[in-house]
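Peer 1: So the sequences go chain by chain: A and B. Position one of the first sequence corresponds to residue 128 (this note's numbering), numbered consecutively onward. Position one of the second sequence corresponds to residue 32 (this note's numbering), numbered consecutively onward. Backbone N, C-alpha and C fix where the C-beta goes; we use that ideal spot for every residue, glycine too. Sharing a structure with you now.
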Amino acid sequence: MNLTSFTAEMLYLIAGLLFVIGLKRMSKPKTARRGNLLSAFGMLLAIVGTLIHYQVIDWTYIVIGMLIGTFAGAILARVVKMTEMPQMVALLNGYGGLASLLVGWAEFHKQYENVLNPNVTHSIDTYTALTTFLTVVVGGLTFSGSVIAWAKLKEVMTGKPILFKGQQIVNAAILLFILAGGVLFTIDPINNYPIFIGLIAVGLLLGVTSVIPIGGADMPVVISLLNSYSGIAGCLAGFVIQNNALIVTGSLVGASGIILTNIMCKAMNRSLANVLFSGFGSVQTSKGSGEKGEVNPVNVEDAAAILEAAGSVCIVPGYGLAVAQAQHACRELAELLEKNGTEVRFAIHPVAGRMPGHMNVLLAEANVSYDHLYEMDAVNPIIETIDVCLVIGANDVVNPAAREDKTSPIFGMPIINVDYAKTVIVMKRSMATGFAGIENPLFYKENTRMLFGDAKNVLQGLVAEFKK
Amino acid sequence: MTLDLLVPLLFIFILAIFLGVEVISKVPSILHTPLMSGSNAISGITVVGALVAAGDGHNMLSTILGTAAVAFAMINVVGGYLVTNRMLEMFKKKEDEKK
Numbered sequence: 128m129n130l131t132s133f134t135a136e137m138l139y140l141i142a143g144l145l146f147v148i149g150l151k152r153m154s155k156p157k158t159a160r161r162g163n164l165l166s167a168f169g170m171l172l173a174i175v176g177t178l179i180h181y182q183v184i185d186w187t188y189i190v191i192g193m194l195i196g197t198f199a200g201a202i203l204a205r206v207v208k209m210t211e212m213p214q215m216v217a218l219l220n221g222y223g224g225l226a227s228l229l230v231g232w233a234e235f236h237k238q239y240e241n242v243l244n245p246n247v248t249h250s251i252d253t254y255t256a257l258t259t260f261l262t263v264v265v266g267g268l269t270f271s272g273s274v275i276a277w278a279k280l281k282e283v284m285t286g287k288p289i290l291f292k293g294q295q296i297v298n299a300a301i302l303l304f305i306l307a308g309g310v311l312f313t314i315d316p317i318n319n320y321p322i323f324i325g326l327i328a329v330g331l332l333l334g335v336t337s338v339i340p341i342g343g344a345d346m347p348v349v350i351s352l353l354n355s356y357s358g359i360a361g362c363l364a365g366f367v368i369q370n371n372a373l374i375v376t377g378s379l380v381g382a383s384g385i386i387l388t389n390i391m392c393k394a395m396n397r398s399l400a401n402v403l404f405s406g407f408g409s410v411q412t413s414k415g416s417g418e419k420g421e422v423n424p425v426n427v428e429d430a431a432a433i434l435e436a437a438g439s440v441c442i443v444p445g446y447g448l449a450v451a452q453a454q455h456a457c458r459e460l461a462e463l464l465e466k467n468g469t470e471v472r473f474a475i476h477p478v479a480g481r482m483p484g485h486m487n488v489l490l491a492e493a494n495v496s497y498d499h500l501y502e503m504d505a506v507n508p509i510i511e512t513i514d515v516c517l518v519i520g521a522n523d524v525v526n527p528a529a530r531e532d533k534t535s536p537i538f539g540m541p542i543i544n545v546d547y548a549k550t551v552i553v554m555k556r557s558m559a560t561g562f563a564g565i566e567n568p569l570f571y572k573e574n575t576r577m578l579f580g581d582a583k584n585v586l587q588g589l590v591a592e593f594k595k
Numbered sequence: 032m033t034l035d036l037l038v039p040l041l042f043i044f045i046l047a048i049f050l051g052v053e054v055i056s057k058v059p060s061i062l063h064t065p066l067m068s069g070s071n072a073i074s075g076i077t078v079v080g081a082l083v084a085a086g087d088g089h090n091m092l093s094t095i096l097g098t099a100a101v102a103f104a105m106i107n108v109v110g111g112y113l114v115t116n117r118m119l120e121m122f123k124k125k126e127d128e129k130k
C-alpha cells in the first residue's frame, strides 16, 4: 500500500466515524443539527479521499457531474415545502438507488472491455459478477419503486392500490427471471451482456409492480423500506468496487431503514408481508358493525365555545393537516388556547401522515415547541383526563374500530384513544371514509362533534372567534 | 482469491449493520423525518464509486454512466444534507427562542 492509498483509506475511516457520530447525535433535537453538519463534513472527506486516491485521468466529466448534482440538489432542498417532504425523501431514495445501479453497470462495462482486449488473459470473476448483478437489480428496484411512491404521494397517479388479475403470477415470473438470469450471468458474465441488460430492465419493472399495489396510507412503510433498499444498493456497490466506506455507510443506512420500517409496521399492527402484498383497502372487508347512530355536527362558533371552556386540549393531527397546509393556523389556535389558560398537547401517532415523523416536521415548521409534542404512548394513559380532543384531518389512527370491532381490517392497530376524552371535535372535509376505506364509529359517538370543512379555513375561523 | 476478498468485507458489513441498529434505535420519533433525509444524504456515498467510474477515462460508456451516477449521487448528498439542515433548524423549544 502506498502513501496516497493509505491516506485515502484513513479519510474513509474518519468519514465513517463522522457518519456514526452524526447519526448518534440525531437522538436529541438539540444535538441533531451539529450531527448533520459533522456527517456532511465526513462526506466531503470521503470525496476528497477518492479524488486523491484514484488516478483521475479526465476531470471534465467529474466536474460536469458534480456541478449538475450540486445545483439540482441545492435547488431541490431550498424550494421543497415541508408538506412535500415525503415526496422529496422518496425522490432522494430513488436517486441513491439509480446512482448505485449506474456505478455497478459502469464497473461491469469497464471489466467487460478489459476482457475483450486480446492482451488480457483474466476473465471477470464470480465474485464481481454476483455482486454487480445484485447491485443493479436492487438499485433499479429502489429507483423505480421510489418514482412510483413519489408519483403516488404527489398525486400524479392514484393513491389507491392498483391491482390486476394475475399480479402475483407476474411478480413470480419477474422473480424467477431475476433468479435464473442472475445465475446465468454469474456463471458466465462475458457472454451474457444481453442478460445483464435484461436484469436491469426487470429490476426496474419489479420496483413498479411491487409498489403499485400499496395504498397511500401505507406510504410510511414503503418510504422506510425504500430508504433501506437505497442503503443496501450502496452497500452492494461497495462490494463490487471493494470499497469499505461504501459498505459501512450502506449498511448503516440499510439498518436505519429497516428499523423505521419495523416501527411503522408495529404502529399499524401489521406484518411487512401484509403491507407489501395485501393491497390493503382495496377490498371492502368491513362496512362497520352496523349501529351507526346520529352524527352531531357543530359549527365554528360552538366549537370555539367548547374549546374556550376546556381546561386541557389535545390536538391530534393527521394527513389532512398537511393537505390543507393548516400547520400555521393550527399553531396560532394552540397559542390562543394557551393564552386562555388551557393546557395544550399535540398527540402524534407514529403513522400519522405519509412518512415517519411527518407531523413533527410540519409542526416544527409552524414553530410549535417540540416539548409540546407527545407520542401516542405518552398520551393514551392520561387521555381520560383531557377535556377536548381536537382531531385535525386524522381518521384511521383514531378509529375505535381498531379496538372494538374484530371484523374491522384495522382491528388490533394501536390508536390514540380520543373517544375516551370528555369531548372530541373531529375536523373533517366530509363524511367520506379515510384512505383505508373503513367506517369510523368515532364519528357517531355521543361525545363526538363533527366540524366539517377544510382544516385551514376552519382553524382560521376558530382563531378569528377567539380573537373577538 | 475471491473468497479471501469476501471475508473481510462481510465482516465489516455485519458489524456495521449491528452498529447502525444500536445507534439508530435511540432516535426518537419526532426526528424520524430528518433521520431519513439525513441517512439519505449519507447513502449518497455511492458518489465515491461514481467518481472513479467517471474519472478514469477508460471507455466512453463507463464514463457516461459514471458521470450520470456522480450527478444523481450528488443530488442525494447536497439535497439530503441541506434539507435535513433546514428541517433541524426548525426544531426548537420555546425557551430557546426567548434566549
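Relative to chain A, which residues along the region 50 to 62 of chain B have a C-beta separation below 8 Å, given in chain order?
Peer 2: Here the close residues are Leu50, Gly51, Val52, Val54, Ile55, Ser56, Lys57, Val58, Pro59, Ser60, Ile61 and Leu62.
Peer 1: Which of the three DSSP states is assigned to A/Val242 in this structure?
Peer 2: If DSSP states are grouped into helix, strand and coil, A/Val242 belongs with the helices.
Peer 1: Can you list the residues of chain B that A/His485 reaches, using a CB-CB cut of under 8 Å?
Peer 2: Ordered by position in chain B, the residues that pass the 8 Å Cβ test against A/His485 are Thr64.
Peer 1: If contact means a Cβ-Cβ distance below 7 Å, which residues of the region 354 to 380 of chain A contact chain B?
Peer 2: Those would be Asn354, Ser357, Gly358, Gly361, Cys362, Ala364, Phe366, Ile368, Gln369, Asn370, Asn371, Ala372, Leu373, Ile374, Val375, Thr376, Gly377, Ser378, Leu379 and Val380, in chain order.
Peer 1: What span of residues does the beta strand (DSSP E) with A/Ile322 cover, start to end?
Peer 2: Counting along the chain, A/Ile322 falls outside any beta strand (DSSP E), though it belongs to the alpha helix (DSSP H) covering Tyr320 to Val338.
Peer 1: Excluding five sequence neighbours on each side, which residues of the same chain lie with their C-beta closer than 7 Å to the C-beta of A/Leu261?
Peer 2: Closer than 7 Å at Cβ, skipping near neighbours: Leu363.
Peer 1: First and last residue of the alpha helix (DSSP H) that includes A/Ser355?
Peer 2: Residues Met346 to Ile368.
Peer 1: Would A/Phe304 and A/Val329 qualify as a contact pair, given that the criterion is a beta-carbon distance under 8 Å?
Peer 2: In contact: A/Phe304 and A/Val329 (Cβ atoms closer than 8 Å).
Peer 1: Excluding sequence positions up to five away, which residues of its chain have a Cβ less than 8 Å from the Cβ of A/Val216?
Peer 2: Taken in chain order, the residues that qualify are Ile350, Asn354 and Met482.
Peer 1: Using the Cα positions of A/Met284 and A/Tyr188, report the straight-line distance between them to the nearest angstrom.
Peer 2: Going from the Cα of A/Met284 to the Cα of A/Tyr188 covers about 35 Å.
Peer 1: Any idea which residues DSSP pairs A/Lys555 with across the strands?
Peer 2: For A/Lys555, which the question treats as bridged, DSSP gives the partners A/Phe579.
Peer 1: B/Leu62 and A/Ala159 look like a contact to me (Cβ under 8 Å); what is the Cβ gap, rounded to whole Å?
Peer 2: At roughly 6 Å, the Cβ-Cβ gap stays under 8 Å, so B/Leu62 and A/Ala159 are in contact.
Peer 1: For B/Val114 and chain A, any beta-carbon pair shorter than 8 Å?
Peer 2: Answer yes: the Cβ-Cβ gap between B/Val114 and chain A drops below 8 Å somewhere.
Peer 1: For chain A, find out if any of its Cβ atoms is closer than 8 Å to the Cβ of B/Val79; answer yes or no.
Peer 2: For B/Val79, the answer is yes, since a Cβ of chain A falls inside 8 Å of its Cβ.
Peer 1: Pick helix, strand or coil for B/Tyr112, following the three-state DSSP scheme.
Peer 2: Three-state DSSP puts B/Tyr112 in a helix.
Peer 1: Hey, is B/Val108's beta-carbon within less than 8 Å of any beta-carbon in chain A?
Peer 2: Chain A, which has a Cβ nearer than 8 Å to the Cβ of B/Val108, makes this yes.
Peer 1: Got a sec: which bits of the region 178 to 207 of chain A sit with their beta carbon under 8 Å from any beta carbon on chain B, in order along the chain?
Peer 2: Those residues of the region 178 to 207 of chain A that come within reach of chain B (Cβ to Cβ, closer than 8 Å) are Leu178, Tyr181, Gln182, Val183, Ile184, Asp185, Trp186, Tyr188, Ile189, Ile191, Gly192, Met193, Ile195, Gly196, Thr197, Ala199, Gly200, Ala201, Leu203, Ala204, Arg205 and Val207.
Peer 1: Run the CB neighbour count on A/Ala436, radius 10 Å, all protein chains shown included, and call it buried at 16 or more, exposed below.
Peer 2: Under this definition A/Ala436 is an exposed residue.
Peer 1: For A/Ile296, which residues in the same chain have their Cβ closer than 6 Å to its Cβ, ignoring the five residues on either side in sequence?
Peer 2: If we look at A/Ile296 and ignore the five residues flanking it on each side, it has no Cβ neighbours.
Peer 1: Which residues of chain B have a Cβ atom closer than 8 Å to the Cβ of A/Asp546, listed in chain order?
Peer 2: The contacting residues do not exist; A/Asp546 stays about 23 Å from chain B at best.
Peer 1: For the region 469 to 513 of chain A, list the alpha helix (DSSP H) runs that are entirely contained and at least 4 residues long, ordered along the chain.
Peer 2: Listed in chain order, they are 485 to 492 and 503 to 506.
Peer 1: Nearest CA to the CA of A/Leu228: which residue from B/Gly97, B/Ser70 and B/Lys124?
Peer 2: Per the Cα distances, B/Gly97.
Peer 1: With distance defined between alpha-carbon atoms, name the residue in B/Ala72, B/Val78 and B/Ile95 nearest to B/Leu113.
Peer 2: Looking at the Cα atoms, B/Ala72 is the closest of the given residues.
Peer 1: Evaluate A/Gly417 with the Cβ neighbour count: other Cβ atoms within 10 Å of its Cβ, from every protein chain shown; 16 or more gives buried, anything less gives exposed.
Peer 2: Confidence is the limiting factor: at A/Gly417 the pLDDT is only 48, short of 50, which leaves the residue's position unreliable, though a coordinate-based value still follows. That one is exposed.
Peer 1: Do three or more CB pairs link the region 202 to 221 of chain A to the region 173 to 185 of chain A at distances below 8 Å?
Peer 2: Segments in contact, no.
Peer 1: Using a Cβ-Cβ distance under 8 Å, would B/Val83 count as near chain A?
Peer 2: Taking Cβ atoms only, chain A reaches closer than 8 Å to B/Val83, which makes this a yes.
Peer 1: Does chain A have any CB closer than 8 Å to the CB of B/Phe44?
Peer 2: B/Phe44 counts as touching chain A.
Peer 1: Excluding five sequence neighbours on each side, which residues of the same chain lie with their C-beta closer than 8 Å to the C-beta of A/Glu421?
Peer 2: Within the same chain, A/Glu421 has close Cβ partners Tyr571.
Peer 1: How do the region 521 to 538 of chain A and the region 445 to 457 of chain A stand: do at least 3 beta-carbon pairs fall below 8 Å, yes or no?
Peer 2: Yes, the region 521 to 538 of chain A touches the region 445 to 457 of chain A.
Peer 1: When we look at the beta-carbon of A/Ser337 and count the other beta-carbons within 10 Å, is it buried (16 or more) or exposed?
Peer 2: A/Ser337 should be labelled buried.
Peer 1: Kindly list the residues whose CB is nearer than 6 Å to the CB of A/Met137, restricted to its own chain and excluding five residues on each side of it in sequence; keep chain order.
Peer 2: Excluding residues within five positions, none has a Cβ falling inside 6 Å.
Peer 1: Kindly list the residues whose CB is nearer than 7 Å to the CB of B/Ala84, restricted to its own chain and excluding five residues on each side of it in sequence; keep chain order.
Peer 2: Ser93, Leu96, Gly97 and Ala100, listed in sequence order.
Peer 1: Does any C-beta atom of chain A lie closer than 8 Å to the C-beta of B/Val101?
Peer 2: Interface residue, yes.
Peer 1: Give, in chain order, every residue of the region 222 to 244 of chain A whose Cβ lies closer than 7 Å to some Cβ of chain B.
Peer 2: Answer in chain order: Tyr222, Gly223, Leu225, Ala226, Ser227, Leu229, Val230, Trp232, Ala233, Glu234, His236, Lys237 and Glu240.
Peer 1: Which same chain residues end up closer than 8 Å to A/Pro424 when comparing Cβ atoms and leaving out the 5 residues on each side of it in sequence?
Peer 2: Around A/Pro424: Arg576, Met577, Leu578 and Phe579.
Peer 1: Taking C-beta to C-beta, are A/Tyr239 and A/Tyr320 nearer than 8 Å?
Peer 2: It is a contact, given that the beta carbons lie within the stated cut-off.
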